[in-house]
Amino acid sequence: MRKVKVYITLKEGVLDPQGKAVKNSLNTLDYGNVNEVRVGKYMEVMMEESENLEAQVEEMCDKLLANPVIEDYSYEIEEVIA
């Protein structure tokens, strides 16, 4: 069994209104040294071992988990010890 940790972030240059709202809220709470916040997504996908696991993960990200027009993704694959 493998645990796939998928990190999805907005591409550089894509506006992040949610990140801006979080930054403004942090500044309001006297965290004035916060200059920028970018909000992304994190997912854990449990998968059975297969020969083409990495290709499957990339395909899942390209087709469903991430929007390749505005988002980048990266992932880590860990072995799950039962």
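Here the sequence shown is numbered in my numbering, starting from 27 and rising by one per residue. Note that beta-carbon positions come from the ideal geometry of N, C-alpha and C, so glycine has one too. Just so it is clear, the structure is predicted and the values come from calculations on it, not from any experiment.
Own chain partners of R28 with C-beta closer than 8 Å, once the 5 adjacent residues on each side are dropped = Shown here for R28: same chain residues with a beta carbon closer than 8 Å to its own, the five before and five after excluded, namely M72, M73, E74, E75, L79, I103, E104, E105 and V106 in chain order.
State the DSSP-derived secondary structure class of V48, mapped to helix, strand or coil.
-> Correct three-state label for V48: helix.
Neighbourhood of V63 by C-beta, 6 Å cutoff - its chain only, sequence neighbours within 5 removed = If we look at V63 and ignore the five residues flanking it on each side, its Cβ neighbours are G45, V48 and K49.
When you compare only the Cα positions, how much space is there between L52 and K89?
-> The straight-line gap from Cα to Cα measures roughly 34 Å.
Using DSSP with H/G/I as helix, E/B as strand and the rest coil, what is L36?
-> Residue state, collapsed to three classes: strand.
Chain-order list of residues whose beta-carbon lies under 6 Å from that of V40 (same chain, five-residue window excluded) = Once the five neighbours on either side are set aside, the close Cβ partners of V40 are I96.
Does at least one heavy atom of the ligand GDP sit under 7 Å from the Cβ of E105?
-> The ligand GDP is not part of this structure, which contains no ligands at all.
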